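Each residue of the sequence shown is one higher than the one before, counting from 95 in the numbering used here.
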Amino acid sequence: MDQTIVEVGDGSRTVVGSEIAADPEALRAFCAQERERNRILKQERDTLNGIEAASS
Numbered sequence: 095m096d097q098t099i100v101e102v103g104d105g106s107r108t109v110v111g112s113e114i115a116a117d118p119e120a121l122r123a124f125c126a127q128e129r130e131r132n133r134i135l136k137q138e139r140d141t142l143n144g145i146e147a148a149s150s
């Protein structure tokens, strides 16, 4: 399986299979999902960092 590094659109990159990279619609959908996942992960990190700061 060939892989390609793609820009997700939020400053991050990820690796996708060549079949997704070759399909613009599938790539757009994949990147949208990754941006949402990254947004949620950042929100969770910020919350945990706030809890940690408040408890020290």
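Every residue gets a Cβ at the ideal spot worked out from N, C-alpha and C, and that includes glycine.
These numbers come from a predicted model, not from an experiment.
Integer Cβ distance of residue i from residue j, believed to fall under 8 Å
i	j	result
Asn-132	Val-102	7 Å
Thr-98	Glu-128	Incorrect: roughly 14 Å between the Cβ atoms, too far for contact.
Residues that residue i bridges to, as DSSP identifies them
i	result
Thr-108	Val-100
Reference residue i; option with closest CA among the options
i	options	result
Asp-104	Gln-97, Glu-119, Phe-124	Phe-124
Leu-135	Ser-106, Met-95, Val-100	Ser-106
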